[in-house]
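Residue numbers (this note's numbering): 8 to 101.
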């Protein structure tokens with residue numbers, strides 16, 4: 008699947024034009040680090056699947072040493088990479 012069709016499929020899910028299958032629901036839950044029941048049940052309590060990495064917490068603390076512009080650049084890069092990874096996981100593209 009190419010990225011254009013991946014984005015179209017995600018859009019179909021978001022706009023309730025098609026319901027994701029079980030495999031897609033599992034991938035979506037993994038991407039958002041939550042449980043399938045949280046995605047399916049309106050009043051379900053959100054529970055993370057994995058705990059955050061303490062190594063990552065230490066690296067994030069280092070960001071305080073950067074300028075506002077440098078932090079904005081890193082934030083934009085992280086946002087782009089996370090979006091790409093989420094699309095890849097949701098659609099099953101390798």
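C-beta: ideal position from N, C-alpha, C; glycine also.
Predicted model, so just to flag it, every value in this text is computed and none were measured.
Under 7 Å, do residue 34 and residue 96 count as touching if we go by C-beta distance?
-> Counting from 1 along the chain shown, the entry for residue 34 is found at position 27. Counting from 1 along the chain shown, the entry for residue 96 is found at position 89. Closer than 7 Å, so yes.
Please state whether DSSP places residue 87 in a helix, a strand or coil.
-> In the chain shown, the residue the question calls residue 87 occupies position 80. Correct three-state label for residue 87: helix.
Does the beta-carbon distance from residue 30 to residue 98 come in below 7 Å?
-> Locating residue 30 in the chain shown gives position 23, counting from the first residue. Locating residue 98 in the chain shown gives position 91, counting from the first residue. Against a cut-off of 7 Å, the Cβ pair of residue 98 and residue 30 comes out as no contact.
Mind reading off the beta-carbon distance from residue 40 to residue 27? Whole number of angstroms is fine, and I expect it under 8 Å.
-> As a first step, residue 40 is located in the chain shown; it is residue number 33 there, counting from the start. As a first step, residue 27 is located in the chain shown; it is residue number 20 there, counting from the start. Taking the Cβ atoms as the reference, residue 40 lies roughly 17 Å from residue 27, outside the contact range of under 8 Å.
Give the secondary structure of residue 57 by DSSP, where H, G and I count as helix, E and B as strand, and everything else as coil.
-> For the purposes of this step, residue 57 is taken as residue 50 along the chain shown, with counting starting at 1. Of the three classes helix, strand and coil, the one that applies to residue 57 here is coil, per DSSP.
Per-residue DSSP class, three states only, for residue 47 | In the chain shown, counting from the first residue as 1, residue 47 sits at position 40. In the structure shown, residue 47 adopts helical secondary structure according to DSSP, grouped into three states.
Simplified DSSP state of residue 24, which is helix, strand or coil | Position 17 of the chain shown, counted from the start, is the residue given in the question as residue 24. It is coil, neither helix nor strand.
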